[in-house]
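Chemist:
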DNA sequence: CGAACCATTGAGCGCTTTCAAGACTCGTGG
DNA sequence: CCACGAGTCTTGAAAGCGCTCAATGGTTCG
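Chains as they are written, first to last, in the UniProt record's numbering: chain A, 1 to 252; chain B, 1 to 252.
#1: Report buried or exposed for residue 237 of chain B, applying the criterion of at least 16 other Cβ atoms within 10 angstroms of its Cβ.
#2: Determine the chain A residues that contact residue 88 of chain B at a beta-carbon separation under 7 Å, and present them in chain order.
#3: Please report the distance separating the alpha-carbon of residue 85 of chain A from that of residue 151 of chain B.
#4: Taking beta-carbon pairs under 8 Å, can you tell me which members of the stretch 102-136 of chain B lie near chain A?
#5: By Cβ distance below 7 Å, which residues in the same chain neighbour residue 140 of chain B in space, the five residues on each side in sequence not counted?
#6: Which word fits residue 144 of chain A, buried or exposed, when buried means at least 16 other C-beta atoms lie within 10 angstroms of its C-beta?
#7: Could you list which residues in chain B have their beta carbon closer than 8 Å to that of residue 30 of chain A, in chain order?
#8: Along the chain, which unbroken stretches of the beta strand (DSSP E) at least 3 residues long are found entirely within the UniProt domain "Cyclic nucleotide-binding" (28-148) of chain A?
#9: Using C-beta distances below 8 Å, list every residue in its chain close to residue 179 of chain A, excluding the 5 sequence neighbours before and after it, in chain order.
#10: Is there contact here, the stretch 67-77 of chain A with the stretch 108-115 of chain A, by at least three beta-carbon pairs under 8 Å?
#11: Look at residue 106 of chain A and residue 148 of chain A and say whether their C-beta atoms are less than 8 Å apart.
#12: Roughly how many angstroms separate the alpha carbons of residue 87 of chain B and residue 158 of chain A, rounded to a whole number?
#13: Do the stretch 164-176 of chain B and the stretch 129-136 of chain B touch if we need at least three Cβ pairs shorter than 8 Å?
#14: For residue 167 of chain A, list the residues DSSP reports as bridge partners.
#15: Nearest CA to the CA of residue 217 of chain A: which residue from A:168, A:116 and A:181?
#16: Just the C-alpha distance for residue 42 of chain B and residue 136 of chain B, rounded to the nearest angstrom, thanks.
#17: Using a C-beta cutoff of 8 Å, does residue 81 of chain B count as contacting chain A?
#18: Could you check the C-alpha separation between residue 235 of chain A and residue 182 of chain A for me, to the nearest Å?
#19: What does residue 160 of chain A touch in chain B if you count any residue whose Cβ is under 7 Å from its own?
#20: Report, in whole angstroms, the separation of the C-beta atoms of residue 215 of chain A and residue 206 of chain A, which I expect to be a contact under 8 Å.
#21: How far does the alpha helix (DSSP H) with residue 211 of chain A in it reach, from first residue to last?
#22: Residue 240 of chain A CB to nearest chain B CB: under 8 Å?
#23: Would you report the Cα separation of residue 125 of chain B and residue 65 of chain B, rounded to the nearest angstrom?
#24: Taking 8 Å as the CB-CB limit, is residue 100 of chain A close to chain B?
#25: Please list, in chain order, all residues of the same chain as residue 36 of chain B whose beta carbon is under 7 Å from its beta carbon, the five residues on each side excluded.
#26: In terms of residues, what are the limits of the beta strand (DSSP E) holding residue 224 of chain A?
#27: Using the three-state DSSP reduction, which class does residue 172 of chain A fall into: helix, strand or coil?
#28: Whose C-alpha, out of B:177, B:166 and B:239, is nearest the C-alpha of residue 212 of chain B?
#29: So is residue 118 of chain A buried or exposed if we call it buried at 16+ other beta carbons inside 10 Å?
#30: Could you spell out the range, first to last residue, of the beta strand (DSSP E) harbouring residue 190 of chain B?
#31: Chain A partners of residue 149 of chain B, CB-CB under 8 Å?
#32: Who does residue 228 of chain B pair with in a DSSP beta bridge?
#33: For residue 138 of chain A, return the contacting residues in chain B, with the cut-off set at a CB-CB distance below 7 Å.
#34: I'd like the list of long-range same chain contacts for residue 89 of chain B, defined as Cβ closer than 6 Å, with 5 residues on each side in sequence excluded.
#35: So, using beta-carbon positions, are residue 70 of chain A and residue 18 of chain A closer together than 8 Å?
#36: Just to confirm before moving on: does the CB-CB distance between residue 232 of chain A and residue 242 of chain A stay below 8 Å?
In structure tokens:
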């Protein structure tokens, strides 16, 4: 690796900025003035990349920062008292994590990198004082928390009412939609997480994930090659994911 | 009904106030000055009681107000595309509901009274402008949302990892704890919701709830009489709820 | 007092899990 | 370069937990 410019971001020659970040319309899509945007930009810390398997923060640690994923992907999970982990979400580029720490001042979950990942760290104290000045920023943070709540509640519905095929279909479509919003293909993508992670997230056994994947392939719904996935029959997947009742699905 | 004092709250002779409300330390436990408290008190609307089965707000409606339960209890639930409902939470006195509407400006769920219930309505626009002035209030709202997220994530763990007995034990202890925080007995209380609601919330069939309740009674863990419940063996219930692994529970 | 709803109990079944074994991937070191 | 091994993924067979179906008793409320 050849020496490059002196920089706070070891692996990049130029310091990235919110103003030029291609994700800024997704990350904190505010209608901030240039001046306000500068102030937000100033408090953001951009550290070195996190390697696969490393932790961004850990359940029980003091809630000090909110993070935005710049590149890569993470999973967040809670630990049961017996040590078992329950994955509560996967986080792709532009998504904010850590806001749940507002509850009682400590992170209620652990965040682990699924691959090499870079994040923007937003220290809480500075975010707070900035939010004191900028009502739009404040509202945006609450909107983000609202989104998180809605996600978790739709997961509750999934875990309590959907069968294995419906869960997997919902999962694939959710990921597809999130990639699409970032300008990537909605039908052809690479899953950053393992089958084990998927099974944990969806409340199923790994073997069940495998079986549903192969069943979907036999029925022409998807095509898979390891972590690569192609969605071929969106309509049927949507029907499955939507938890459609049997009658409506009956072929006669 | 005899005529009483002219008042904004038709069914009460005297207008309640945050300052004198016994729940104020739970509802929005801020360290607000008397003056600030007055301002909050001024924007709160206290309407007539909601009867059992009536809706406080409905999924898809415009997000206009946050509500604090004064007396009674409600359930909130989301509707799947096939019309099935998934209960996402029960809400007892002093608890705030509706904050999830911050996501996209409409309530992501419906709130229905489980019994005759009175609420304090806090109109959003006025709450917002007040929050602009009072950082403490703002932080408290975010803390409430953080609590909601943590609750939903622990439900995800319950729904995805716990068996029927563990779910019911967790549920009973959660309710007990919430009553205890309000000064009521933690071991002897009345469940405001039906078995069907419990089963829906816990992702089980009604029959399973019944069976677990009777099994718990036979084992001396609880005593039930309709909706009345007495928790008799907190230790064992806690063990169950904690998702303790089998070895630790094995009697030899 | 009847109707609607709620709660309980039993029997059998089905979806998913568990257990087990083999195929594949990938990083590492000989 | 290839072999090795650990981890991941897939597939099969069997078992179990909770669901469905069904019937009865209990409760509430007009």
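Backbone N, C-alpha and C define an ideal beta-carbon position, used for all residues, glycine too.
Modeler: By the coordinates alone:
#1: For the purposes of this step, residue 237 of chain B is taken as the residue at position 237 of the second chain. It is buried - the Cβ of residue 237 of chain B has at least 16 other Cβ atoms within 10 Å.
#2: As a working note, residue 88 of chain B is residue 88 in the second chain. Result: 153 and 156.
#3: As a working note, residue 85 of chain A is residue 85 in the first chain. As a working note, residue 151 of chain B is residue 151 in the second chain. Those two C-alpha atoms are separated by around 16 Å.
#4: Flagged, chain order: 102, 103, 104, 108, 109, 128, 131, 132 and 135.
#5: By one-based count along the second chain, residue 140 of chain B stands at place 140. 28 and 30, listed in sequence order.
#6: As a first step, residue 144 of chain A must be located in the first chain, where it is residue number 144. Label assigned to residue 144 of chain A: buried.
#7: Numbered from its first residue, the first chain carries residue 30 of chain A at position 30. Here the premise fails: no neighbours, minimum Cβ distance about 14 Å.
#8: Whole beta strand (DSSP E) segments, 3+ residues: 55-57, 65-71, 74-79, 85-91, 110-113 and 118-123.
#9: Here residue 179 of chain A refers to the residue found at position 179 when the first chain is read from its first residue. The residues are 92, 185, 186 and 189.
#10: With a cut-off of 8 Å, the stretch 108-115 of chain A and the stretch 67-77 of chain A count as touching, because enough Cβ pairs lie within range.
#11: One-based indexing of the first chain puts residue 106 of chain A at position 106. One-based indexing of the first chain puts residue 148 of chain A at position 148. In this structure, residue 148 of chain A does not lie closer than 8 Å to residue 106 of chain A by Cβ.
#12: Residue numbering aside, residue 87 of chain B sits at position 87 when the second chain is read from its first letter. Residue numbering aside, residue 158 of chain A sits at position 158 when the first chain is read from its first letter. When rounded, the distance between both Cα atoms is 12 Å.
#13: Not touching, per the Cβ criterion.
#14: Indexing the first chain from 1 puts residue 167 of chain A at position 167. In the DSSP assignment, no residue is bridged to residue 167 of chain A.
#15: Taking the first residue of the first chain as position 1, residue 217 of chain A is located at position 217. Considering only alpha carbons, the answer is A:168.
#16: The sequence position of residue 42 of chain B within the second chain is 42, counting from 1. The sequence position of residue 136 of chain B within the second chain is 136, counting from 1. When rounded, the distance between both Cα atoms is 17 Å.
#17: Locating residue 81 of chain B in the second chain gives position 81, where the first residue counts as 1. Residue 81 of chain B counts as touching chain A.
#18: Taking the first chain and counting its residues from 1, one reaches residue 235 of chain A at position 235. Taking the first chain and counting its residues from 1, one reaches residue 182 of chain A at position 182. Residue 235 of chain A and residue 182 of chain A: Cα-Cα distance of roughly 22 Å.
#19: The residue given as residue 160 of chain A occupies position 160 in the first chain. Think of a sphere of 7 Å around the beta carbon of residue 160 of chain A: the chain B residues whose beta carbon falls inside it are 86, 159 and 203, in chain order.
#20: As a position in the first chain, residue 215 of chain A is number 215, starting the count at 1. As a position in the first chain, residue 206 of chain A is number 206, starting the count at 1. That pair is no contact at about 15 Å.
#21: Start at 1 with the first residue of the first chain, and residue 211 of chain A comes out as number 211. Annotation: the continuous alpha helix (DSSP H) that includes residue 211 of chain A extends over 206-218.
#22: Mapped onto the first chain, residue 240 of chain A falls at position 240. So, not an interface residue.
#23: Sequence index remark: in the second chain, residue 125 of chain B carries index 125 (1-based). Sequence index remark: in the second chain, residue 65 of chain B carries index 65 (1-based). Each residue's Cα considered, the two are about 8 Å apart.
#24: In the first chain, residue 100 of chain A corresponds to position 100, counting from 1. So yes, residue 100 of chain A belongs to the interface.
#25: As a working mapping, residue 36 of chain B is identified with position 36 in the second chain. Hits under 7 Å: 134.
#26: Here residue 224 of chain A corresponds to residue number 224 of the first chain, with the count starting at 1. Element bounds for residue 224 of chain A: 222-225.
#27: Walking along the first chain from the start, residue 172 of chain A turns up at place 172. Residue 172 of chain A: helix per DSSP, three-state reduction.
#28: Here residue 212 of chain B refers to the residue found at position 212 of the second chain. Closest option to residue 212 of chain B, judged by alpha-carbon separation, among B:177, B:166 and B:239: B:166.
#29: Locating residue 118 of chain A in the first chain gives position 118, counting from the first residue. Residue 118 of chain A should be labelled buried.
#30: By 1-based counting over the second chain, the position of residue 190 of chain B is 190. Boundaries of the beta strand (DSSP E) around residue 190 of chain B: 188-190.
#31: Locating residue 149 of chain B in the second chain gives position 149, where the first residue counts as 1. Near residue 149 of chain B (Cβ distances below 8 Å), the residues of chain A are 99, 100, 103, 108, 145, 148, 149 and 152.
#32: On the second chain, position 228 is the one that residue 228 of chain B refers to. B:190 and B:225, per the DSSP bridge assignment.
#33: For the purposes of this step, residue 138 of chain A is taken as the residue at position 138 of the first chain. Here the neighbours are 138.
#34: In the second chain, residue 89 of chain B corresponds to position 89, counting from 1. A distance below 6 Å between beta-carbons, with the five flanking residues on each side excluded, links residue 89 of chain B to the following residues of its chain, in chain order: 76.
#35: Position 70 of the first chain holds residue 70 of chain A. Position 18 of the first chain holds residue 18 of chain A. With respect to residue 18 of chain A, residue 70 of chain A sits apart: the two C-beta atoms are not nearer than 8 Å.
#36: The sequence position of residue 232 of chain A within the first chain is 232, counting from 1. The sequence position of residue 242 of chain A within the first chain is 242, counting from 1. Their beta carbons are not under 8 Å apart, which means residue 232 of chain A does not touch residue 242 of chain A by this criterion.
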